[in-house]
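Visitor: Everything in the sequence shown is counted per our numbering, starting at 1134 for the first residue and increasing by one.
Note that beta-carbon positions come from the ideal geometry of N, C-alpha and C, so glycine has one too.
In this text the structure is predicted, and so the values were computed from the model without any measurement.
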Amino acid sequence: MIYRYMQSADLPEVATLLRNSFSPRMRPYMAYTQHGIGSFLAARLAHPQSFPQQFFGVATDESERVLGYAEFTMNSQTEAHLSYICVSEDARRLGVAKGLIAHFCESRTGMEYIALDVFADNSPAVNLYRTLGFTSTGEGTTWLSRRLPPASAELKVSHLTTACAAHGVYGFCEFHVDWNDREMKLGRIGVEILRCFSLGEFGDHNLLAAVRATFPDVTQALVIVASGDLDAEDTICPVIVESTRMKVRVGTVMDRVSGNA
Ligand SMILES: CC(C)(COP(=O)(O)OP(=O)(O)OC[C@H]1O[C@@H](n2cnc3c(N)ncnc32)[C@H](O)[C@@H]1OP(=O)(O)O)[C@@H](O)C(=O)NCCC(=O)NCCS
1134 MIYRYMQSAD
1144 LPEVATLLRN
1154 SFSPRMRPYM
1164 AYTQHGIGSF
1174 LAARLAHPQS
1184 FPQQFFGVAT
1194 DESERVLGYA
1204 EFTMNSQTEA
1214 HLSYICVSED
1224 ARRLGVAKGL
1234 IAHFCESRTG
1244 MEYIALDVFA
1254 DNSPAVNLYR
1264 TLGFTSTGEG
1274 TTWLSRRLPP
1284 ASAELKVSHL
1294 TTACAAHGVY
1304 GFCEFHVDWN
1314 DREMKLGRIG
1324 VEILRCFSLG
1334 EFGDHNLLAA
1344 VRATFPDVTQ
1354 ALVIVASGDL
1364 DAEDTICPVI
1374 VESTRMKVRV
1384 GTVMDRVSGN
1394 A
């Protein structure tokens, strides 16, 4: 197995891997499983100076076939966040995910911790992280959804054509709207999902009705909130999934990988 940083030639295979690896139930809600993720990553790869904190690792076989992908973001000088990791179905349980994480640890000096968020019901991933010494920090997020109400009047969207173009290319986008005299960020994921960035927007019936009028294909709103911030009223909405934050010292990972612990 070869572990290295991603190159542009890897992008088509990485995109296919990302689109197919995650649970079908979660794919509609995730930006990275949309059709244009390859183009999105290509833009990031082409402009590393604009994304200096991001690192993209791949695992390949001898013939350069991509078998695994891992994306890390440095949150600070000493802490990385593992944003995505996935391994081709026919290469699982061969140590590829472990190798991707170990490769990143070895290639970074000064990094002390890795953190991540894992869906609580994703037992292969939870097992992987426990094997490497990750433990829960006690924090987590809850992903809530609700159906959009019937359409009302259209919203005023800033740079609407740019947002529509990004959505067409990537299959997801962010956009800004003027709402009650303030500018607000929202997002689209796939055809049907509206991404809200706070419970205030998610609970605003009139805003959601206006989004429905503006983008008639959008039928469902999603918000991701710190589990501790939820009150009983919010949990009336269907919970899509819960995620758990886990963290480990880099030294622990290296000990586990080398069999010293
Ligand atoms: C989770 C995932 C990345 C693991 O990749 P992998 O290359 O198969 O993992 P590894 O072979 O490195 O596994 C290392 C250890 O993790 C644990 N583990 C991995 N997959 C497991 C599974 N399906 N069931 C139980 N334990 C598992 C085991 O302890 C394993 O060691 P072992 O095989 O010696 O018992 C892979 O299943 C995947 O791509 N899943 C879909 C995408 C995803 O859910 N990503 C995680 C997002 S947080």
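Please specify which runs of the beta strand (DSSP E), each continuous and at least 3 residues long, are wholly inside the segment 1262-1347, giving them in chain order.
Guide: List check, beta strand (DSSP E) in window: 1268-1280, 1289-1291, 1305-1312, 1315-1322, 1326-1329.
Visitor: Starting from the C-beta of residue 1224, find all residues in its chain whose C-beta is less than 6 angstroms away, skip the five residues before and the five after it, and write them out in chain order.
Guide: Contacts found: 1200.
Visitor: Taking its Cβ as the centre, do 16 or more other Cβ atoms sit within 10 Å of residue 1226, making it buried, or is it exposed?
Guide: So residue 1226 ends up on the exposed side.
Visitor: Nearest to residue 1198 by CA position, among 1265, 1231, 1388, 1145, is which residue?
Guide: Considering only alpha carbons, the answer is 1145.
Visitor: Are at least three pairs of beta-carbons, each pair with one atom in the segment 1350-1367 and one in the segment 1266-1284, less than 8 angstroms apart?
Guide: Yes, the segment 1350-1367 touches the segment 1266-1284.
Visitor: So does residue 1390 have its beta carbon nearer than 7 angstroms to some heavy atom of ligand 1?
Guide: It does not: the Cβ of residue 1390 is nowhere closer than 7 angstroms to a heavy atom of ligand 1.
Visitor: Near residue 1077, which residues of its chain fall below 6 angstroms by C-beta distance, leaving aside the five closest residues on each side in sequence?
Guide: With the chain running from 1134 to 1394 in the structure shown, residue 1077 is simply not present.
Visitor: On the criterion of 16 or more Cβ atoms from any shown chain inside 10 Å, does residue 1204 qualify as buried, or is it exposed?
Guide: So residue 1204 ends up on the buried side.
Visitor: Terminal residues of the continuous alpha helix (DSSP H) containing residue 1232?
Guide: Residue 1232 -> alpha helix (DSSP H) spans 1229-1240.
Visitor: DSSP beta-bridge partners for residue 1250?
Guide: Its beta-bridge partners are 1378.
Visitor: Would you be able to state if there are at least three C-beta pairs under 8 angstroms between the segment 1253-1260 and the segment 1332-1349?
Guide: These segments do not touch.
Visitor: Mind checking whether the beta-carbon of residue 1257 lies closer than 7 angstroms to any heavy atom of ligand 1?
Guide: Yes, ligand 1 has a heavy atom inside 7 angstroms of this Cβ.
Visitor: With hydrogens ignored, establish whether the beta-carbon of residue 1218 is closer than 7 angstroms to any heavy atom of ligand 1.
Guide: Correct: residue 1218 has its Cβ closer than 7 angstroms to ligand 1.
Visitor: So, using beta-carbon positions, are residue 1190 and residue 1134 closer together than 8 angstroms?
Guide: Not in contact: residue 1190 and residue 1134 (Cβ atoms no closer than 8 angstroms).
Visitor: First and last residue of the alpha helix (DSSP H) that includes residue 1216?
Guide: Premise fails: residue 1216 lies in the beta strand (DSSP E), 1212-1220, not in any alpha helix (DSSP H).
Visitor: In the DSSP output, what is residue 1206 paired with across the bridge?
Guide: The partner list for residue 1206 (beta bridge, DSSP) reads 1187, 1214.
Visitor: Any idea if residue 1323 is buried or exposed, counting beta-carbon neighbours within 10 angstroms, 16 or more meaning buried?
Guide: Result: buried.
Visitor: Using 8 angstroms as the threshold, is the segment 1234-1246 in touch with the segment 1368-1388, meaning 3 or more CB pairs across them?
Guide: In short, these stretches touch, since the Cβ pair count reaches three.
Visitor: Can the beta-carbon of residue 1219 be found closer than 8 angstroms to that of residue 1151?
Guide: In this structure, residue 1151 lies closer than 8 angstroms to residue 1219 by Cβ.
Visitor: Are the CB atoms of residue 1158 and residue 1265 within a distance shorter than 8 angstroms?
Guide: It is not a contact, given that the beta carbons lie outside the stated cut-off.
Visitor: Could you check if residue 1167 is buried or exposed, using at least 16 other CB atoms within 10 Å of its CB as the buried criterion?
Guide: The residue is buried, with at least 16 neighbouring Cβ atoms inside 10 Å.
Visitor: In terms of residues, what are the limits of the beta strand (DSSP E) holding residue 1144?
Guide: Taken as a continuous stretch (DSSP letters only), residue 1144 belongs to no beta strand (DSSP E), being part of the alpha helix (DSSP H) at 1144-1154.
Visitor: Check this for me: beta carbons of residue 1281 and residue 1352, under 8 angstroms apart or not?
Guide: In contact: residue 1281 and residue 1352 (Cβ atoms closer than 8 angstroms).
Visitor: Is the distance from the Cβ of residue 1325 to the Cβ of residue 1350 below 8 angstroms?
Guide: Against a cut-off of 8 angstroms, the Cβ pair of residue 1350 and residue 1325 comes out as a contact.
Visitor: Using the rule of at least 16 other Cβ atoms within 10 Å of the residue's Cβ for burial, across every protein chain shown, is residue 1142 buried or exposed?
Guide: By the neighbour-count rule (16 or more Cβ atoms within 10 Å), residue 1142 is not buried but exposed.
Visitor: CA-CA distance, residue 1369 and residue 1294?
Guide: Taking the straight line from one Cα to the other gives about 35 angstroms.
Visitor: Please name the residue, chosen from 1306, 1314, 1302, 1305, that lies closest to residue 1289 on a Cα-to-Cα basis.
Guide: Nearest C-alpha to residue 1289: 1314.
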